[in-house]
Every structure is written in structure tokens, then in C-alpha cells.
Amino acid sequence: MRKPTQLRRIHSPSKLLSPRALQCLQRQNPLFPYPKQTSRRSFTVPSKPLNPSPAFASSSIHQVPSRPHRIVVGITGATGAPYAIALLRLLRQLGIETHVVISKWALATLKYETTMTEEQIRSLAYANYTARDVSAPIASGSFQHDGMVIVPCSMKTLAAVRSGYCDDLISRAADVTLKENRRLLMAVRETPLSDVHLDNMLFLRRAGAIIFPPVPAFYTNPDSLEDVVDQSVGRMLDLMGIHTDGFERWDGFKQNKSVVRSAHANKVSHA
2 MRKPTQLRRI
12 HSPSKLLSPR
22 ALQCLQRQNP
32 LFPYPKQTSR
42 RSFTVPSKPL
52 NPSPAFASSS
62 IHQVPSRPHR
72 IVVGITGATG
82 APYAIALLRL
92 LRQLGIETHV
102 VISKWALATL
112 KYETTMTEEQ
122 IRSLAYANYT
132 ARDVSAPIAS
142 GSFQHDGMVI
152 VPCSMKTLAA
162 VRSGYCDDLI
172 SRAADVTLKE
182 NRRLLMAVRE
192 TPLSDVHLDN
202 MLFLRRAGAI
212 IFPPVPAFYT
222 NPDSLEDVVD
232 QSVGRMLDLM
242 GIHTDGFERW
252 DGFKQNKSVV
262 RSAHANKVSH
272 A
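In our numbering, the protein residues as written are 2 to 272.
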């Protein structure tokens, strides 16, 4: 009958490893113990952590340089150019540095929907880039900014960002904004929406983008299209972490609905 195998209790690593293997472990892990029979000097761990010198601690690598608040604005050819102009004006009033990209078809739309020239629109921005200039600073993640707004956002640009096929500066800057975990707001302008449009929006929303259809808020009883635009632009800035009081916010029902309607009817009759 075969005797059961007896397990030997090993008290020292030297009975398992060769001296060369022990030396290798010692180099990899200073806390690994040497065998008792070794004549080498054991490693001692410092009792106090090493503090950097004052000159090293005060070097520029440990200091976060201050920079202005920056927002990248992309303007595509979809309808809704007044939203872009109102956004640029408000950001300029707030003292925020804007980096603007206007696509070729956006310039065509601006001529039909606004009375401003291209030079007047570009003068509202701190820096301007052409849509084909993919070597611009905003095309790199090393360029620091606080978020990007595409207003209005065409379905073509939406699809380009969703697929990662970024052949112009607007889609490339949006792609970089997503990968750098910065805020990306896309003011999509299309109706009705197909399955493709909705699928692209859902994909980008799950990727971290803010999908913002500029839907009017009629509870403010706007007097003009400018009031409608300002309310949507103010909501955009809220989502970008920028506070402004340039539009009316919902503050609950202040009076009876019939009174509100009659007051609004009086506004229309006197207009």
C-alpha cells in the first residue's frame, strides 16, 4: 500500500529559490526578506517620507496657471442663425473668450436669416477659424477650453460626430471635446426627425453630449422672436455652467391662467 505524500513546511524562501532568484526579488521588491543565513545587509525603509525641496515645490510644474474662460462655438448651415449671434453677443458681454468656426453653408444661411455681414459676426469672437483648417488649436485636446456649443447643429454634423468621421474643424473640435470629457452642447435643428436622426442623438447623449433642441418656452409670453431666442440661449449657457440673468425664468404660477391670457391678448392688441 502506497504511503500518503507528506507535505514539507518551508520556513525560508531560500529553500524554494536559488540565490540568484532571491537577488532578483530583492531588486524588484526592497521589502522582500533575505534568508537569515545571508551575509548581505538588509534593506531599511526610511521612517519619514522624503519632502521635496522648496525650490522643487515652487517650480512651475506644481502651479496651475490661470487662463481666461473659453468657449468654442461651431456654426453650421442649419436654420437658426439668430441663436448663434445671440450666443456670441451674450458671451462677449460676459467677458468670455470665444473661438468660432463658421461653415461654408452657415455663411449662406446667415445672409438669409440675419442682417449682419460676415465681418460683423466674426468681430464678436475672440478668434476665428475656417472650417477646413483642421490644424487650428481647437483641433487638439491639448488646447484647453471649458466646452463647445454647436448652434445651430445640422444633421450632417451630428452624424459626423457620432461616427467619428470628422473631415472639418467643427466635427473635429466636437470629437476632441468629447474625448477630453468636456461639455459639448448640440443645438440640433431639424423637424420631423427620422430614425437615423434619433439614433444619432441617443448615441451621442450616451457618449456625454448635451442634445438641445431650441424649443421655445411660451410660458414667458414672449413679445418678439428676440425674446424666444434669448430664452433658449440663456438655457444653453445654464447647461454650460455659465450663469446669466438675461432671460425670464419660470417662477411658478403667479396668477390665474385666464388673467395671463387676457394680459397677453392686450399686448397683442396694442402692438
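Beta carbons are placed, not taken as given, at the ideal position from N, Cα and C, and that holds for glycine.
Return the first residue and the last residue of the alpha helix (DSSP H) that residue i is part of.
i           : result
residue 153 : Unbroken run through residue 153 is the beta strand (DSSP E), 149-154; no alpha helix (DSSP H).
residue 175 : 170-180
residue 208 : 196-208
Determine the closest residue to residue i out of the options, with distance taken between C-alpha atoms.
i           : options               : result
residue 133 : 104, 242 and 75       : 104
residue 74  : 226, 182, 171 and 194 : 171
residue 210 : 183, 70 and 246       : 183
residue 163 : 122, 212 and 119      : 212
residue 244 : 252, 234 and 253      : 234
residue 142 : 115, 20, 180 and 192  : 180
residue 201 : 136, 19, 158 and 123  : 158
residue 153 : 106, 193, 196 and 137 : 106
residue 236 : 129, 224 and 216      : 216
residue 225 : 83, 113 and 20        : 83
residue 221 : 252, 110 and 118      : 252
residue 204 : 194, 160, 136 and 130 : 160
residue 123 : 135, 114, 108 and 113 : 108
residue 137 : 227, 116, 173 and 110 : 173
residue 223 : 249, 135, 102 and 130 : 249
Given 6 angstroms as the limit, tell me if residue i has its C-beta closer than that to any heavy atom belonging to the ligand NAP.
i           : result
residue 121 : Only the bare structure without any ligand can be found here, which leaves the ligand NAP out of the picture.
Skipping 5 residues on each side, what residues in its chain have a beta carbon closer than 6 angstroms to that of residue i?
i           : result
residue 155 : 77, 78 and 79
residue 23  : none
residue 178 : 149 and 185
residue 169 : 132
residue 238 : 245
residue 85  : 76 and 152
residue 218 : 232
From the DSSP output, read off the bridge partner residues of residue i.
i           : result
residue 130 : 102
residue 240 : Paired residue(s): none; residue 240 is not in a bridge.
residue 212 : 187
Which same chain residues, not among the five before or five after residue i, have their C-beta less than 7 angstroms away from its C-beta?
i           : result
residue 125 : 89, 90 and 93
residue 176 : 162, 165 and 167
residue 127 : 98, 99 and 100
residue 68  : 145
residue 230 : 83, 84 and 87
residue 208 : 179
residue 115 : 82, 83 and 86
residue 247 : 91, 231 and 235
residue 140 : 170, 173, 174 and 177
Take residue i and list the residues in its own chain whose beta-carbon comes closer than 8 angstroms to its own, dropping the five residues that flank it on each side.
i           : result
residue 147 : 70, 71, 72, 183, 184, 241 and 242
residue 214 : 188, 189 and 190
residue 130 : 100, 101, 102, 137, 139 and 170
Output the boundary residues of the beta strand (DSSP E) element that contains residue i.
i          : result
residue 75 : 71-76
**Q.** Those runs of the beta strand (DSSP E) which lie wholly inside the stretch 80-128 and span at least 3 residues
**A.** 98-103
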